[in-house]
Amino acid sequence: MDDLNSKLGYLRGLAEGLGISDETKEGKVIQQMILLLEEIGRSLEELNENYEELFSYVEAIDQDLTDLEEELLEDYEDDDDDDDDYDEEDKDAFDEHDVSFTVECPECHQEVTIDEDILEDEESFEVLCPNCGRVVFINDDEEWDDDLDELDEEKTEDDNSN
């Protein structure tokens with residue numbers, strides 16, 4: 001910017017040194033051109049000041065954003081550190097495809113969770129209460145069939161009595 005101002009000063013001095021007067025048509029044009037160039041120089045200087053101010057402001061915003069990103073990243077990494085206790089049991093507990101149900105032990109009233117996948121097994125088995133050892137569930141197709149038969153018989157008897 002200083003270079004532009006010095007050149008404008010040189011041009012003004014040159015015009016005065018050559019005796020260019022604003023009384024001639026050409027002199028008026030040259031004087032107006034010098035005034036116009038000086039006005040353009042002032043406008044450029046003002047624009048440059050505004051640019052530098054905005055640049056400083058953007059740098060401050062960028063630094064604030066960087067600080068915020070680092071803080072959030074630290075918080076995120078701290079949250080990841082909390083997951084160090086994650087194990088296979090947690091994976092099984094959050095597997096969206098696993099479906100389970102809970103039964104209550106008739107003896108000690110502890111809830112026992114049973115995976116529904118075991119119902120698909122062809123072999124019969126018993127699920128024991130981990131607290132007292134009592135049988136809380138039997139996967140026996142015959143027993144389920146017997147229960148269904150009893151329900152059908154009861155329904156038939158009810159229908160016949162009406």
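Numbering (my numbering), first residue to last: 1 to 162. Positions of the beta carbon are idealized from the N, C-alpha and C atoms, including for glycine.
Checklist entry - Using CA coordinates, which residue listed in D22, E26 and R42 is at the minimum distance from N5? => result Here residue 5 is taken as the residue at index 5 of the sequence shown, counted from 1. When D22, E26 and R42 are compared, the shortest CA-CA separation from N5 is found for R42.
Next on the checklist: Helix, strand or coil for V135? Go by DSSP, reduced to three states.
Outcome noted: The count along the sequence shown starts at 1 and reaches residue 135 at position 135. In this structure, V135 counts as strand in the three-state DSSP scheme.
Item to check | DSSP-derived helix/strand/coil call for D140 | outcome: As a working mapping, residue 140 is identified with position 140 in the sequence shown. It is coil, neither helix nor strand.
Item to check | For D75 and N163, the rounded distance between their alpha carbons | outcome: With the chain running from 1 to 162 in the structure shown, residue 163 is simply not present.
Item to check | Those residues which DSSP pairs with L47 across a bridge | outcome: Here the question's residue 47 lines up with position 47 in the sequence shown. Note: L47 sits in no beta bridge, so no partner.
Checklist entry - Taking the C-alpha atoms as reference points, what is the distance between N48 and D22? => result On the sequence shown, position 48 is the one that residue 48 refers to. On the sequence shown, position 22 is the one that residue 22 refers to. Cα-Cα distance, rounded: 32 Å.
Checklist entry - Considering only residues of the same chain and omitting the five flanking positions on each side of V99, which have a CB-CB separation below 7 Å? => result The residue you call residue 99 lines up with position 99 of the sequence shown. For V99, where only same-chain residues beyond five positions count, the Cβ hits under 7 Å are E116.
Item to check | Bridge-paired residues (DSSP) for V58 | outcome: Position 58 of the sequence shown holds residue 58. As far as DSSP is concerned, V58 takes part in no beta bridge.
Checklist entry - Nearest-angstrom Cα distance between E38 and L8? => result Locating residue 38 in the sequence shown gives position 38, counting from the first residue. Locating residue 8 in the sequence shown gives position 8, counting from the first residue. Using only the alpha carbons, I get a separation of about 7 Å.
Checklist entry - Going by other Cβ atoms of all chains shown within 10 Å of its Cβ, with 16 needed for buried, is V136 buried or exposed? => result Taking the sequence shown and counting its residues from 1, the one referred to as residue 136 is at position 136. Looking at its Cβ environment, which holds 16 or more other Cβ atoms inside 10 Å, V136 is buried.
Checklist entry - Going straight from the alpha carbon of H109 to that of E123, what length do you get? => result One-based indexing of the sequence shown puts residue 109 at position 109. One-based indexing of the sequence shown puts residue 123 at position 123. Taking the straight line from one Cα to the other gives about 27 Å.
Checklist entry - Where does the unbroken beta strand (DSSP E) through S6 begin, and where does it stop? => result As a position in the sequence shown, residue 6 is number 6, starting the count at 1. No beta strand (DSSP E) holds S6; the alpha helix (DSSP H) holding it covers D2 to G17.
Checklist entry - When DSSP labels each residue in this structure, what does E122 get in the three-state scheme? => result Within the sequence shown, the letter at position 122 stands for residue 122. Note: E122 maps to coil in three-state DSSP.
Item to check | Sequence-distant residues of its chain with Cβ nearer than 7 Å to N139 (five each side left out) | outcome: In the sequence shown, counting from the first residue as 1, residue 139 sits at position 139. Counting only Cβ-Cβ distances below 7 Å, and skipping sequence neighbours, we find I118, L119, D121, S124 and F125.
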